[in-house]
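Below is one structure; the comments refer to it alone.
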């Protein structure tokens, strides 16, 4: 026999059935132990041993010791060869070992020994299904329907099996039995409808759906289904009559209105089709969900055919002129316009979305993205400010609003926004965003000469993201300017250079820290690299280059760089902070005196 040490996947087939059966067989054995009847073929001692080994086998199986369980079940059969429970369990082991003939025989013997056990028969029938032995499976399930007339499972399995064998009459018979037990339903009626069509009996097919609509006369959905089936199967006159009957009783019933549109479309009556669509889409009483579904279908049809967006956009525009129940249609329109790269047209629609649903975060973020892309700071402020009320937990709105105020030199407003933003921080907040919050707070505090608060904010930034390069650079630079904690500044700055070795700003910061630590030769290496990486367009970096050369004794070269920096004073510095009058005067003084002057 094959080794059973790795039976972790035992019972791949019929697992749920087996679990239930295990409980059944165990309880069944216990009941027999509790009340040994006169018909028990075992002696008292045999019964006691059998029950002991059987329960021990169950315990071993649940424990995962399948070798021991298998041997114990075999011992049970030695004691009681006719045991249904033991044969059922043994069948599962044979199945796993690939000994399918032995497994089938054991299952059949289990069923024969205990005709009343539903799960034994269910497992045997499932075994036949897996083997694609449809007729054998049908025989077992038919027997189960007679023995368990109130159970739905065997009947449902028979519906599938008779479909496999294309025995449509038997399939209808079983579905009728299901209806008797469970009542008439749309699912069963639709199945019978399709089967009758396969049998080329369209009369009975439509009678079935008519019967369903009569069963629920006040449910117009079933009548609409009947009309749709007529339409889909070439019975356009019957479909039209059904739709008209529905709309006579309920003129605003949206599914029937939509079905009428489909009718006109199939009949090639394009003008009536569009009129009918307008009747639905411009009807204030039709639910927004219905309109959404129609527009989605029209979009799909358009993409599959002409891909002409003109008609879709025109429909949306007409719809959105009407009073809206919610923001859904406007949002669908905006999404469509964006996918069609009609961004300009999407902007007023996105604003309409927000007027209907001010808490709509995706619409507000989209408008914010447009404003940021266009560097429209006023629009950023306009879009993001209401978000603090409607989306107070969305950190990105605080971030971009504060940044916009900061870039507009509205420092106090920026500070207020960022201070509100950090109050929203919790354990679910994005740590990178929180780190950036504190980084900008640090910059703002430093610009207001609140140095203690600035360094505390930088420290907080690095707690949330120790690798925040912007924080590391600014923190290090400001420390170097104050000539304090230069070792800490050097360590932080070196990490920025290592992360971005061609970033002129970071290279300049590191060079300046080395300068402050009087490591002039090393400082020259990094400032020269900064100049090669674009730093020659920065007044600050060029001036620093002159300072370093002066300390290295090359006064002529230092003077050349200072003059170059002085000539750049009116050149934009790619967003860097404008230089103060004091800094500019000090530069001129260096040139005049031809020597370095410390800050």
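Numbering (our numbering), first residue to last: 426 to 1024.
Where is the CB? At the ideal position from N, CA and C, for every residue including glycine.
Please list, in chain order, all residues of the same chain as residue i whose beta carbon is under 6 Å from its beta carbon, the five residues on each side excluded.
{"i": "residue 897", "result": "917, 920, 921"}
{"i": "residue 1058", "result": "With the chain running from 426 to 1024 in the structure shown, residue 1058 is simply not present."}
{"i": "residue 569", "result": "546, 579"}
{"i": "residue 895", "result": "864"}
{"i": "residue 954", "result": "932"}
{"i": "residue 774", "result": "755, 758, 759"}
{"i": "residue 989", "result": "967"}
If you compare alpha carbons, which of the options is closest to residue i?
{"i": "residue 947", "options": "970, 853, 600", "result": "970"}
{"i": "residue 931", "options": "903, 755, 491, 1024", "result": "903"}
{"i": "residue 825", "options": "505, 478, 846, 873", "result": "846"}
{"i": "residue 592", "options": "477, 761, 509, 623", "result": "623"}
{"i": "residue 713", "options": "756, 551, 739, 701", "result": "756"}
{"i": "residue 881", "options": "935, 567, 900", "result": "900"}
{"i": "residue 987", "options": "1016, 1007, 673", "result": "1016"}
{"i": "residue 767", "options": "734, 934, 750", "result": "734"}
{"i": "residue 489", "options": "513, 518, 466, 500", "result": "518"}
{"i": "residue 887", "options": "857, 905, 876, 906", "result": "857"}
{"i": "residue 675", "options": "693, 646, 698", "result": "646"}
{"i": "residue 941", "options": "912, 959, 950", "result": "912"}
{"i": "residue 781", "options": "837, 533, 745", "result": "745"}
{"i": "residue 480", "options": "470, 501, 468, 466", "result": "501"}
{"i": "residue 815", "options": "783, 802, 1022", "result": "783"}
{"i": "residue 716", "options": "729, 909, 702", "result": "702"}
{"i": "residue 658", "options": "631, 642, 682", "result": "631"}
{"i": "residue 859", "options": "743, 671, 661, 889", "result": "889"}
Whose C-beta lies closer than 8 Å to the C-beta of residue i among residues of the same chain, with five residues either side of it excluded?
{"i": "residue 1020", "result": "975, 980"}
{"i": "residue 636", "result": "609, 614"}
{"i": "residue 778", "result": "752, 755, 756, 759, 785, 788"}
{"i": "residue 956", "result": "929, 966, 967, 970"}
{"i": "residue 808", "result": "789, 792, 793, 796"}
{"i": "residue 834", "result": "none"}
{"i": "residue 1023", "result": "none"}
{"i": "residue 925", "result": "894, 931"}
Note down, in chain order, each residue of its chain lying with its Cβ closer than 7 Å to the Cβ of residue i, except the 5 sequence neighbours on either side.
{"i": "residue 871", "result": "879, 903"}
{"i": "residue 600", "result": "584, 613, 616, 617"}
{"i": "residue 453", "result": "Residue confidence is low: residue 453 scores 42 on pLDDT, short of 50, so the model does not pin down where it sits. Its coordinate-derived value is still stated next. Correct list, in chain order: 510."}
{"i": "residue 854", "result": "820"}
{"i": "residue 604", "result": "613"}
{"i": "residue 991", "result": "1012, 1013, 1016"}
{"i": "residue 747", "result": "707, 709"}
{"i": "residue 527", "result": "519"}
{"i": "residue 839", "result": "827, 830, 831, 869"}
First and last residue of the alpha helix (DSSP H) that includes residue i?
{"i": "residue 797", "result": "786-798"}
{"i": "residue 730", "result": "Neither: residue 730 is in no alpha helix (DSSP H) and is coded neither H nor E."}
{"i": "residue 771", "result": "768-781"}
{"i": "residue 694", "result": "Note, residue 694: premise wrong, no alpha helix (DSSP H); not H, not E."}
{"i": "residue 478", "result": "469-488"}
{"i": "residue 807", "result": "802-809"}
{"i": "residue 734", "result": "Here residue 734 belongs to no alpha helix (DSSP H), and DSSP marks it neither H nor E."}
{"i": "residue 920", "result": "911-924"}
{"i": "residue 571", "result": "559-572"}
{"i": "residue 596", "result": "593-607"}
{"i": "residue 965", "result": "964-976"}
{"i": "residue 669", "result": "661-674"}
{"i": "residue 812", "result": "812-815"}
{"i": "residue 930", "result": "929-941"}
{"i": "residue 957", "result": "945-957"}
{"i": "residue 880", "result": "876-889"}
{"i": "residue 372", "result": "Not covered by the structure: residue 372. The range shown for the chain is 426 to 1024."}
{"i": "residue 550", "result": "543-555"}
{"i": "residue 579", "result": "578-589"}
{"i": "residue 1005", "result": "Looking at the DSSP string, residue 1005 is not in any alpha helix (DSSP H), and its letter there is neither H nor E."}
{"i": "residue 827", "result": "820-832"}
With a cut-off of 8 Å on the beta carbons, I'd call residue i and residue j a contact; round off their distance for me.
{"i": "residue 504", "j": "residue 474", "result": "6 Å"}
{"i": "residue 535", "j": "residue 509", "result": "5 Å"}
{"i": "residue 831", "j": "residue 869", "result": "6 Å"}
{"i": "residue 719", "j": "residue 737", "result": "In fact, because the Cβ distance is near 11 Å, the residues do not count as touching under 8 Å."}
{"i": "residue 686", "j": "residue 698", "result": "6 Å"}
{"i": "residue 559", "j": "residue 586", "result": "5 Å"}
Less than 7 Å between the CB of residue i and some heavy atom of the ligand GDP, yes or no?
{"i": "residue 934", "result": "Ligands are entirely absent from the displayed structure, and the ligand GDP is therefore not among its contents."}
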